[in-house]
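Reading through the structure tokens given below for one structure.
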Amino acid sequence: MTDSTVQEDFLRAFHAVRPAVTAEAFGRGRGPDGRSSYELLRDRVAGHRRVLDLGCGDGLLLELLARDGGRQLAGVDLSPQSLALARRRPALSAARLHTGRAQELPFAEGSFDACVSHLALMLMGDIEQVAAEVARVLVPGGVLACVLGGGAVGGEAYERFVGLLRRAGERTTARIPALGDRRMRDREGFEEILRPVGFEDVEWETVPIDIGGTPEQVWDSVSGLYDLAPMEERAVARLRRDFFADVADLVTPEGLVPCGFEVRLASARIA
Ligand SMILES: C[S@@+](CC[C@H](N)C(=O)[O-])C[C@H]1O[C@@H](n2cnc3c(N)ncnc32)[C@H](O)[C@@H]1O
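The opening position of the sequence shown corresponds to residue 58 in the working numbering, with each subsequent residue numbered one higher.
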């Protein structure tokens, strides 16, 4: 089996059980100006009529895009279970939702004015192939806009959780497959992948998104990380206990815990 097959089998199996996990955590996330990371992407492609969402999951971003009206929307995802949720959204009744790989897009050349992707591109193997496919299906001048995973905001609950998770990882040999291509984690790598297939005007910005809430809500969000999938129930229960103890000093008088997660908001235009 190739690395990509192993990665994609893992992702399919994970999302079969948690088909909307990202939207549940980031749908209520807010950046410094009050917009969610989905809304940041929606606004990046304002005015573009034909839009494709790569790794669209349960269709939250597509639904936001549909609200503008007059758009032709499409989504591709590996997970049939996530797409089943997307298909239930009335706003997406006319969208083309396809179960499949971003590396093999079932669309003709120049089919889209923009391509968006929320927390998905950095998980994809064969990333050069994905970039070539996006370049192929965009019209000249078309835009790729994506939100990529970053890191934790210092001193908040996500950073604490990552520290506890690392320690939990030291107590077990169970591991998930390495996902995606490391180059998607920084601007230089992003450009290195996109420029050879004709993208230019690269923009790259770091935006902190607060996915904070009550300790329970924050646990629900952070425990949706892929890394917990191979952990035994006992180990997850211990991590949960440790997490609640560790964030107790962060709880505000309103009962909320700040949980900052930095995303990269990146875009490029095809020449
Ligand atoms: C972290 S989830 C994000 C889902 C959605 N974009 C959101 O933010 O709510 C990543 C999604 O990318 C999809 N995905 C990962 N690799 C893919 C690939 N090569 N082709 C298509 N979809 C892929 C997964 O199945 C999963 O639904």
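Think of the CB as a built atom: it goes at the ideal place given N, C-alpha and C, for glycine as much as any other residue.
Of the choices the options, whose alpha-carbon is the least far from that of residue i?
i: aspartate 115; options: Leu122, Asp134 and Arg291; result: Asp134
i: glycine 126; options: Ser136, Val108 and Gly132; result: Val108
i: alanine 292; options: Cys203, Asp303, Ala231 and Arg99; result: Ala231
i: alanine 82; options: Asp277, Arg128 and Asp238; result: Asp277
i: glutamate 262; options: Asp60, Leu98, Gln64 and Ser61; result: Leu98
i: isoleucine 267; options: Gln64, Leu296 and Gly86; result: Here the sequence assigns aspartate to residue 267, which means isoleucine is not the residue at that position. Out of Gln64, Leu296 and Gly86, Gly86 has the C-alpha closest to the C-alpha of aspartate 267.
i: leucine 122; options: Arg298, Asp100 and Cys203; result: Asp100
i: alanine 235; options: Arg92, Asp306 and Tyr283; result: Tyr283
i: phenylalanine 164; options: Pro310, Val191 and Phe71; result: Val191
i: cysteine 172; options: Gly270, Leu130, Leu313 and Arg69; result: Leu130
i: glutamate 166; options: Leu313, Ala189 and Thr229; result: Ala189
i: glycine 269; options: Thr59, Leu68, Gly88 and Glu161; result: Gly88
i: aspartate 303; options: Glu311, Met288, Gly220 and Pro287; result: Gly220
i: glutamate 289; options: Cys113, Arg144 and Thr229; result: Thr229
i: arginine 224; options: Leu285, Asp243 and Ser150; result: Leu285
i: valine 279; options: Glu216, Pro287, Ile233 and Arg242; result: Glu216
i: proline 147; options: Ser168, Leu117, Glu161 and Glu311; result: Leu117
i: arginine 144; options: Leu162, Cys113 and Leu251; result: Cys113
From what residue to what residue does the alpha helix (DSSP H) around residue i run?
i: serine 150; result: It is not in any alpha helix (DSSP H) - serine 150 carries neither H nor E in the DSSP assignment.
i: glycine 157; result: It is not in any alpha helix (DSSP H) - glycine 157 carries neither H nor E in the DSSP assignment.
i: serine 93; result: Counting along the chain, serine 93 falls outside any alpha helix (DSSP H), and DSSP gives it neither H nor E.
i: isoleucine 327; result: Looking at the DSSP string, isoleucine 327 is not in any alpha helix (DSSP H); the run it does join, the beta strand (DSSP E), is 317-327.
i: alanine 292; result: 290-303
i: valine 275; result: 272-279
i: leucine 313; result: Premise fails: leucine 313 is in no alpha helix (DSSP H) and is neither H nor E.
i: glycine 226; result: 214-227
i: phenylalanine 164; result: Phenylalanine 164 -> no alpha helix (DSSP H), and no H or E assigned at all.
i: glycine 246; result: 244-251
i: alanine 123; result: 117-123
Could you please give the first and the last residue of the uninterrupted beta strand (DSSP E) stretch that includes residue i?
i: valine 204; result: 195-209
i: aspartate 170; result: 169-175
i: serine 61; result: First-last for serine 61: 60-74, but that is the alpha helix (DSSP H), not the beta strand (DSSP E).
i: glutamate 257; result: 256-267
i: arginine 107; result: 107-111
i: alanine 82; result: No beta strand (DSSP E) contains alanine 82, which is instead part of the alpha helix (DSSP H) from 78-83.
i: glycine 132; result: 129-134
Within 10 Å of its beta-carbon, does residue i have 16 or more other beta-carbons around it, so buried, or fewer, so exposed?
i: threonine 79; result: buried
i: glycine 157; result: exposed
i: alanine 214; result: buried
i: proline 197; result: exposed
i: aspartate 66; result: exposed
i: proline 137; result: exposed
i: glutamate 227; result: exposed
i: valine 194; result: buried
i: glutamate 245; result: exposed
i: arginine 321; result: buried
i: proline 253; result: exposed
i: proline 47; result: The chain is shown from 58 up to 328; residue 47 falls before or after that span and cannot be answered.
i: arginine 328; result: Position check: residue 328 holds alanine in this sequence, whereas arginine was assumed. The residue is exposed, with fewer than 16 neighbouring Cβ atoms inside 10 Å.
i: alanine 152; result: buried
i: serine 150; result: exposed
If contacts are defined as beta-carbon pairs under 8 Å, then residue i and residue j qualify, I think. What distance do you get, rounded to the angstrom?
i: glycine 206; j: methionine 181; result: That belief does not hold up - the Cβ atoms of glycine 206 and methionine 181 are roughly 12 Å apart, past 8 Å.
i: leucine 119; j: glycine 132; result: 5 Å
i: phenylalanine 247; j: arginine 239; result: About 11 Å; that fails the 8 Å criterion.
i: proline 326; j: phenylalanine 256; result: Note that residue 326 is arginine in the sequence shown here, rather than proline. Confirmed, about 7 Å.
i: arginine 106; j: arginine 124; result: Going by Cβ atoms, the distance from arginine 106 to arginine 124 rounds to 14 Å, so no, they are not a contact pair.
i: valine 50; j: cysteine 316; result: In this structure the chain extends from 58 to 328, so residue 50 is not present and cannot be described.
i: histidine 175; j: serine 94; result: 7 Å
i: aspartate 258; j: serine 61; result: About 29 Å separates the two Cβ atoms, so there is no contact after all.
i: alanine 177; j: leucine 111; result: 6 Å
i: alanine 77; j: leucine 142; result: 6 Å
i: valine 204; j: alanine 159; result: That belief does not hold up - the Cβ atoms of valine 204 and alanine 159 are roughly 15 Å apart, past 8 Å.
i: glutamate 249; j: serine 324; result: No, glutamate 249 and serine 324 are not in contact; Cβ-Cβ is about 16 Å, not under 8 Å.
i: glycine 199; j: aspartate 170; result: 5 Å
i: glycine 237; j: arginine 75; result: Their Cβ separation, rounded to whole angstroms, is 18 Å, which puts glycine 237 and arginine 75 out of contact at 8 Å.
i: leucine 307; j: leucine 222; result: Contact doesn't hold; Cβ gap of about 17 Å is too wide.
i: phenylalanine 318; j: alanine 209; result: 6 Å
i: proline 287; j: isoleucine 233; result: 6 Å
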